[in-house]
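Numbering (my numbering), first residue to last: -1 to 399.
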């Protein structure tokens, strides 16, 4: 029950502290951004400008934008609090782990709508969704809806990459790369967020109706939806009656396959984690079943929320970055090429994209010359590297990697 209450609390906080006007994620005035820029801020500035408890949500997002993965977890956990005693007993001896990607792809073959969630401060979840894209496309999925996208970016698919006006959470590099990869793979990427600044029940209904409109034009379309937190809950939700996933069933008659990434993911400390997650230890993404039943274990304490729960392995640092990044990218060190004073924020853009508006492929903050933090880049490309410090000094590098 305690974890269920935390889930509802997260939804309430995010409802009150949505993205800025016009971002596409909420579309209402946001009182929780304070004086923070919605682009890329130095750690020092994020700390100074987050003075109220609710500002910790903003801080978590902003840390994720500049590659401060563990700082993002810490800020969000400070806001949400502990999940409960760590000594709760659970019998995991009968658990059987399966490859999450293989299991999801198999189940998705019989589904027309797949909904997968994320925590908005956790790029790891976007990375996992990106790993699913090619295999789901092979299974007939051709539409990709992302909660954060703005309806005003009408040329996103033709341009091939998101810009600073495409959405709010898309400013985090792994979200931007998820959108790029979806378009490159052959998906039509679309916005489904509610317009007009509505909240609560009406927001969930309008999201579902926007998804249903895809099927009105393309009745046989197979759709992948990437949403935040509890929008994939299939049961009752306090205040909303039903979340977006439940409204999708109402609007379309289609029972979506729902995939939760939030419950079985790491936090800044075990005391903030799902009690099951504390006991599990796998090296790769897993879906877990009991040996005697065919459906996955329900890891939501307090009630069923989704069909599948994805276990995410704990993150280790590699090149001072999350190790999972380097399953897909390669490390690039630039500290010896930097001629301006530290600390700096380094943004890496694909050379063929407009670096004045594009979302960077990667962003890192480097505090000093001895810092060993690496960019995570896709090899075989020309890059424009923009280095900036707090004194507004800027250095531009061009490189082939």
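A virtual CB, placed ideally from N, CA and C, is assigned to each residue, including glycine.
Values in this document were obtained by computation on a predicted structure and should not be read as measured data.
Given this structure, state the Cα-to-Cα distance separating residue 131 from residue 182, to the nearest angstrom. 10 Å
Which same chain residues, not among the five before or five after residue 320, have their C-beta less than 6 Å away from its C-beta? 67, 313
Thinking residue 265 and residue 71 are a contact (beta carbons under 8 Å), I'd like their distance in whole angstroms, please. 6 Å
Just verifying my parser: in three-state terms, what is the DSSP assignment at residue 249? helix
According to DSSP, what are the bridge partners of residue 401? Since the first and last residues shown for the chain are -1 and 399, residue 401 lies out of range.
Buried or exposed: where does residue 31 fall if 16 or more other Cβ atoms within 10 Å of its Cβ makes it buried? Note that residue 31 has pLDDT 41, beneath the 50 cutoff, so the model's placement of it is unreliable and the number below is only indicative. The residue in question, residue 31, is buried, as its Cβ has 16 or more Cβ neighbours within 10 Å.
On the DSSP letters alone, give me the boundaries of the beta strand (DSSP E) that residue 382 sits inside. 380 to 387
Cβ-Cβ distance between residue 373 and residue 330 below 8 Å: yes
Suppose contacts are defined by Cβ-Cβ distances below 8 Å. Is residue 361 in contact with residue 383 by that definition? no
Considering only the alpha carbon of each residue, which of 221, 237, 242 lies closest to residue 231? 242
Here's a check: name, in chain order, each residue in its chain whose Cβ is nearer than 6 Å to the Cβ of residue 218, leaving out the five neighbours to either side. none
Quick one: Cα of residue 386 to Cα of residue 340, how far? 9 Å
Nearest-angstrom Cα separation, counted from residue 163 out to residue 152: 11 Å
Indicate whether residue 318 and residue 371 have their beta-carbon atoms separated by less than 8 Å. yes
Coarse secondary structure for residue 391, derived from DSSP in three states: coil
Rounded C-alpha distance that separates residue 45 from residue 91: 43 Å
On the criterion of 16 or more Cβ atoms from any shown chain inside 10 Å, does residue 210 qualify as buried, or is it exposed? buried
Give the secondary structure of residue 136 by DSSP, where H, G and I count as helix, E and B as strand, and everything else as coil. helix
One or two residues paired with residue 317 in a DSSP bridge: The partner list for residue 317 (beta bridge, DSSP) is empty, contrary to what the question assumes.
Using the Cβ count rule (16 or more neighbours within 10 Å means buried), how would you classify residue 322? buried
State the DSSP-derived secondary structure class of residue 418, mapped to helix, strand or coil. In the structure as shown, the chain begins at -1 and stops at 399. Residue 418 is therefore absent and cannot be evaluated.
Would the region 160 to 176 and the region 347 to 363 be scored as touching if the rule is three or more Cβ pairs under 8 Å? yes
What first and last residue would you give for the beta strand (DSSP E) that runs through residue 96? 93 to 97
Do the CB positions of residue 286 and residue 111 come within less than 8 Å of each other? no
Buried or exposed by the 16-neighbour rule on C-beta atoms within 10 Å, applied to residue 24: No answer about residue 24 holds up, because its pLDDT of 39 lies below 50 and its placement is not dependable.
Just to check my reading of the structure: residue 101 and residue 63 have Cβ atoms closer than 8 Å, yes? What is that Cβ distance to the nearest angstrom? Actually they are not in contact, since the Cβ atoms of residue 101 and residue 63 sit about 31 Å apart, beyond 8 Å.
Can you check the region 137 to 188 for any beta strand (DSSP E) of at least 3 residues that lies completely inside it and give the ranges in chain order? 139 to 144
If I measure Cβ to Cβ from residue 140 and keep anything under 7 Å in the same chain, skipping five residues before and after, which residues do I get? 184, 185, 186, 219, 220
Since residue 287 sits in a beta bridge, which residues does DSSP pair it with? 94, 294
Please classify residue 127 as buried or exposed, where buried requires at least 16 neighbouring CB atoms within 10 angstroms. buried
Straight-line gap, residue 177 to residue 80 (C-alpha atoms, nearest Å): 33 Å
Mind checking which residues open and close the alpha helix (DSSP H) that includes residue 219? Per DSSP, residue 219 belongs to no alpha helix (DSSP H) and is neither H nor E.
Going by the CB atoms, is the gap between residue 332 and residue 381 shorter than 8 Å? no
Roughly how far, in whole angstroms, is the beta-carbon of residue 104 from the beta-carbon of residue 224, given that I think they are within contact range, below 8 Å? The Cβ separation is near 20 Å, so there is no contact.
Straight-line Cα distance separating residue 258 from residue 289: 21 Å
For the candidate residues 212, 272, 107, 95, whose alpha-carbon lies nearest to that of residue 142? 212
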